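First comes the structure, then the notes that go with it.
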Ligand SMILES: Nc1ncnc2c1ncn2[C@@H]1O[C@H](COP(=O)(O)OP(=O)(O)O)[C@@H](O)[C@H]1O
Ligand SMILES: [Mg+2]
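Numbering (this note's numbering), first residue to last: 3 to 274.
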């Protein structure tokens, strides 16, 4: 979706934001991220606020509503949601502004232990039952080998979109952009992180070593990991068919390679 600026919002929406956040002195459009219609940092009478907005009838609006619903259940390192309003056909979220920059996932980056620490904290969170989030089993059912999706079942709150632009780093890492919260087996987030590490230049073996920091990944049944890698590869292939952006093709390539790696007995499925 095209990124619009704060001042492109209808006047009624800007007024509603000012009613919540205080009169707006300055607005700067965020440069990271890909999905939101509006993503802007505002300076207001009451302090800074990050506003994320999407047309209320947009196909991704339900994802933004999920993001709002899950916020109270997130670890403290995630940004607090101050308000959620729907006005002038826009769905708008007002967040605490976090300091920090996008995480650097390249091999040897000092951010990697911080990212692993934030994910380790998340691994301990049970998905709430009073928020309508998808189960991993459902979410990847059509991509998984027949009968295998049940292996993805679990109670952990998963982020499932651990791209480096969805992690802000200062003296620790903060996981943001909760559009795809999912309930499932804890090892799924490490599996998702692996693809992003490959994209950042890690070898398959190096990425697997980082995933092995997580007890969930170390103890997950090999059969489940292979099934998920197959499902994730199929999901990325579908994404690539719908949109030929080079980074998506690259992610699909990593997903296929990772699946092959896990299936290779010597490299992927040895004792852990
Ligand atoms: N609470 C926040 N504090 C500071 N920066 C943020 C915050 N939330 C998002 N950002 C910045 O805005 C970008 C886009 O936000 P994100 O929630 O990832 O939306 P999108 O759905 O567009 O990817 C992020 O990559 C990050 O740079
Ligand atoms: Mg994002």
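From the three backbone atoms N, C-alpha and C, an ideal C-beta is built for every residue, glycine too. In this text the structure is predicted, and so the values were computed from the model without any measurement.
Buried or exposed (CB count within 10 angstroms, at least 16 for buried), residue i
i           : result
residue 169 : buried
residue 272 : Since pLDDT at residue 272 reaches only 49, below the 50 mark, its modelled position is unreliable, and no value is offered.
residue 249 : exposed
residue 59  : exposed
residue 156 : buried
residue 30  : exposed
residue 69  : buried
residue 33  : exposed
Residues near residue i by beta carbon distance below 7 Å, same chain, minus five either side
i           : result
residue 130 : 75
residue 229 : 146, 147, 150 and 153
residue 102 : 170, 171, 172 and 176
residue 199 : 107, 209 and 212
residue 48  : 23 and 24
Any non-hydrogen atom of ligand 2 closer than 7 Å to residue i Cβ
i           : result
residue 104 : no
residue 167 : yes
Heavy atom of ligand 4 within 7 Å of residue i beta-carbon
i           : result
residue 179 : Looking for ligand 4 in the displayed structure turns up nothing; the ligands present are ligand 1 and ligand 2.
Continuous beta strand (DSSP E) stretch holding residue i: start and end
i           : result
residue 28  : 26 to 31
residue 83  : 83 to 89
residue 185 : 184 to 186
residue 19  : Counting along the chain, residue 19 falls outside any beta strand (DSSP E), though it belongs to the alpha helix (DSSP H) covering 13 to 23.
Residues near residue i by beta carbon distance below 6 Å, same chain, minus five either side
i           : result
residue 239 : 254
residue 192 : 213, 216 and 219
residue 127 : 159
residue 269 : With a pLDDT of 46 at residue 269, under the threshold of 50, the modelled position of that residue is not reliable, and no figure is offered here.
residue 93  : 56, 58, 63 and 66
Closer than 7 Å: residue i CB and nearest ligand 1 heavy atom
i           : result
residue 275 : Nothing about residue 275 can be read from this structure; the chain reaches only from 3 to 274.
residue 8   : no
residue 100 : yes
residue 170 : yes
residue 22  : no
residue 154 : no
residue 81  : yes
residue 129 : no
residue 84  : no
Cβ pair residue i, residue j closer than 8 Å
i           : j           : result
residue 11  : residue 40  : yes
residue 187 : residue 118 : no
residue 224 : residue 196 : no
residue 251 : residue 242 : yes
residue 135 : residue 185 : yes
residue 42  : residue 87  : no
residue 109 : residue 204 : yes
residue 133 : residue 207 : no
Delimiting residues of the alpha helix (DSSP H) encompassing residue i
i           : result
residue 261 : 248 to 265
residue 100 : That residue, residue 100, is in no alpha helix (DSSP H); it is neither H nor E in DSSP.
residue 117 : 113 to 125
residue 45  : Taken as a continuous stretch (DSSP letters only), residue 45 belongs to no alpha helix (DSSP H), being part of the beta strand (DSSP E) at 40 to 46.
residue 229 : 224 to 244
C-beta neighbour in chain B for residue i, strict 8 Å
i           : result
residue 227 : The structure shown contains no chain B, having only a single protein chain.
Same chain, Cβ closer than 8 Å to residue i, five either side skipped, listed in chain order
i          : result
residue 97 : 51, 52, 53, 54, 81, 82, 83 and 84
residue 79 : 120, 123, 174, 175, 176 and 177
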